[in-house]
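Asker:
Residue numbers (the numbering used here): 50 to 336.
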């Protein structure tokens, strides 16, 4: 465990943090300790340390004419999460919680995470703890978690972001297998309903969320600190290249993605018609 954060947390928690971001590590010690939680630090991969040759070897070229290559920052972020999965797998863990170092936790996050074994559904693979403040589809009904305002709902469509989530051993094995080479930004691979991994896993969303990145807090008055992520940049882009990928291969990849999206949209539309699903923006439980 990270020095100063030892406790009696049942769920193994990993915090991704760059060695150069000691101020963030110090803040996260305070945030977690205040809720009786402990974490183990995962040394984040510094994108600046990756050579062009390394990037070329580990990244899948863009899969369609509309796609773009991963940025060095996205690659570093992906490799950091992969390091957390591999660490958990090497220790034989059945579940792990993974966080980035620019987050806020809800006041009852510690209560829920410390007793995760009491409410975790059998066979669950992914529990999204955060919100990206984007519309997503979830089941209308949900299990009330430990007499809190939070409900655990089935996650039915994409809800990006990877700053706070629980992941099963089965999911980590599948994610690692899908990561050689790296196909997309890491949150697309984990929580992108259009990608093949998500469709084979049982995914859930905590509503309201118990975690949010600082950049998605509305204002300083609402608690935003002005923290900028040091391991991800979803808005940067690099020139698109298609070296080594035939038009036929790109076409098949694109067709597969379209079929996955069409099937999921049809299923969600049916569930909505039956009153069993809803589209909503998941709030963060600040108070």
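Don't be surprised by glycine CBs; every beta carbon is placed ideally from N, CA and C.
Can you pull the DSSP bridge partners for residue 254?
Answerer: Here the question's residue 254 lines up with position 205 in the chain shown. DSSP output for residue 254 lists 177 and 202 as bridge partner(s).
Asker: Of all the options 162, 219 and 155, which has the alpha carbon lying nearest to the alpha carbon of residue 175?
Answerer: Within the chain shown, the letter at position 126 stands for residue 175. Of 162, 219 and 155, the residue nearest in Cα terms is 219.
Asker: Below 8 Å on the Cβ atoms is my guess for residue 151 versus residue 125; work out the distance and round it to an integer in Å.
Answerer: Here residue 151 corresponds to residue number 102 of the chain shown, with the count starting at 1. Here residue 125 corresponds to residue number 76 of the chain shown, with the count starting at 1. Not confirmed; about 14 Å, so no contact.
Asker: Report yes or no: do the stretch 139 to 156 and the stretch 205 to 222 share at least 3 C-beta pairs separated by less than 8 Å?
Answerer: The stretch 139 to 156 is in contact with the stretch 205 to 222.
Asker: Do residue 242 and residue 207 have their C-beta atoms within less than 7 Å of each other?
Answerer: On the chain shown, residue 242 is found 193 positions in, with the first residue counted as 1. On the chain shown, residue 207 is found 158 positions in, with the first residue counted as 1. Contact: yes.
Asker: Let me check one thing: in DSSP terms, what residues is residue 333 bridge-paired to?
Answerer: Here residue 333 refers to the residue found at position 284 of the chain shown. DSSP output for residue 333 lists 258 as bridge partner(s).
Asker: Please name the residue in 245, 178 and 70 whose C-alpha comes closest to that of residue 331.
Answerer: By 1-based counting over the chain shown, the position of residue 331 is 282. Of the listed residues, the one whose Cα sits closest to residue 331 is 178.
Asker: Locate the alpha helix (DSSP H) running through residue 127, then write down its first and last residues.
Answerer: Start at 1 with the first residue of the chain shown, and residue 127 comes out as number 78. 121 to 139 is the extent of the alpha helix (DSSP H) around residue 127.
Asker: Any contact between the stretch 188 to 205 and the stretch 119 to 135? By contact I mean 3 or more CB pairs, one from each, below 8 Å.
Answerer: No, the stretch 188 to 205 does not touch the stretch 119 to 135.
Asker: For the structure I just gave you, are there three or more beta carbon pairs, one from the stretch 223 to 233 and one from the stretch 84 to 92, closer than 8 Å?
Answerer: They do not touch, by the three-pair rule.
Asker: Less than 8 Å between the CB atoms is what I'm expecting for residue 65 and residue 153, so what's the real figure, rounded?
Answerer: Position 16 of the chain shown holds residue 65. Position 104 of the chain shown holds residue 153. Not quite, the Cβ-Cβ distance comes to about 16 Å (not below 8 Å), so this is no contact.
Asker: For residue 315, which three-state DSSP category applies?
Answerer: The residue given as residue 315 occupies position 266 in the chain shown. Reduced to three states, the DSSP call for residue 315 is helix.
Asker: Could you tell me which residues DSSP puts in a beta bridge with residue 276?
Answerer: By one-based count along the chain shown, residue 276 stands at place 227. Residue 276 is not bridged to any residue.
Asker: Could you name the residues that DSSP lists as bridge partners for residue 90?
Answerer: As a position in the chain shown, residue 90 is number 41, starting the count at 1. Its beta-bridge partners are 64.
Asker: Determine the contact status of residue 186 and residue 201, defining contact as a CB-CB distance below 7 Å.
Answerer: Translated into the one-based positions of the chain shown, residue 186 becomes position 137. Translated into the one-based positions of the chain shown, residue 201 becomes position 152. In this structure, residue 201 does not lie closer than 7 Å to residue 186 by Cβ.
Asker: Could you please give the first and the last residue of the uninterrupted beta strand (DSSP E) stretch that includes residue 215?
Answerer: As a working note, residue 215 is residue 166 in the chain shown. Residues 213 to 217.
Asker: Could you tell me the distance, in whole angstroms, from the CA atom of residue 326 to the CA atom of residue 317?
Answerer: Numbered from its first residue, the chain shown carries residue 326 at position 277. Numbered from its first residue, the chain shown carries residue 317 at position 268. The alpha-carbon atoms of residue 326 and residue 317 are separated by roughly 7 Å.
Asker: Name, in chain order, the residues that DSSP records as bridge partners for residue 148.
Answerer: On the chain shown, position 99 is the one that residue 148 refers to. Partner(s): 64 and 213.
Asker: Spatial neighbours of residue 184 within its chain, please: CB distance less than 6 Å, with the 5 preceding and 5 following residues excluded, ordered by chain position.
Answerer: Here residue 184 refers to the residue found at position 135 when the chain shown is read from its first residue. Hits under 6 Å: 328 and 330.
Asker: Output yes or no for whether 7 Å exceeds the beta carbon distance between residue 276 and residue 263.
Answerer: Here the question's residue 276 lines up with position 227 in the chain shown. Here the question's residue 263 lines up with position 214 in the chain shown. The answer is yes: Cβ separation under 7 Å.
Asker: Near residue 239, which residues of its chain fall below 6 Å by C-beta distance, leaving aside the five closest residues on each side in sequence?
Answerer: Residue numbering aside, residue 239 sits at position 190 when the chain shown is read from its first letter. Within the same chain, residue 239 has close Cβ partners 211.
Asker: Between the beta-carbon of residue 333 and the beta-carbon of residue 246, is there less than 7 Å?
Answerer: Residue numbering aside, residue 333 sits at position 284 when the chain shown is read from its first letter. Residue numbering aside, residue 246 sits at position 197 when the chain shown is read from its first letter. No. Outside cutoff.
Asker: Below 6 Å CB to CB, which residues in the same chain sit around residue 155 once its five sequence neighbours on both sides are set aside?
Answerer: For this step, residue 155 is matched to residue 106 along the chain shown. Same-chain partners within the cutoff: 259 and 334.
Asker: What are the boundary residues of the alpha helix (DSSP H) that includes residue 163?
Answerer: Along the chain shown, read from residue 1 onward, the residue named residue 163 stands at position 114. Where residue 163 is concerned, the enclosing alpha helix (DSSP H) stretches over 158 to 163.
Asker: In or out: residue 121 buried (at least 16 other Cβ within 10 Å) or exposed?
Answerer: Taking the first residue of the chain shown as position 1, residue 121 is located at position 72. When all chains shown are included, residue 121 counts as buried.
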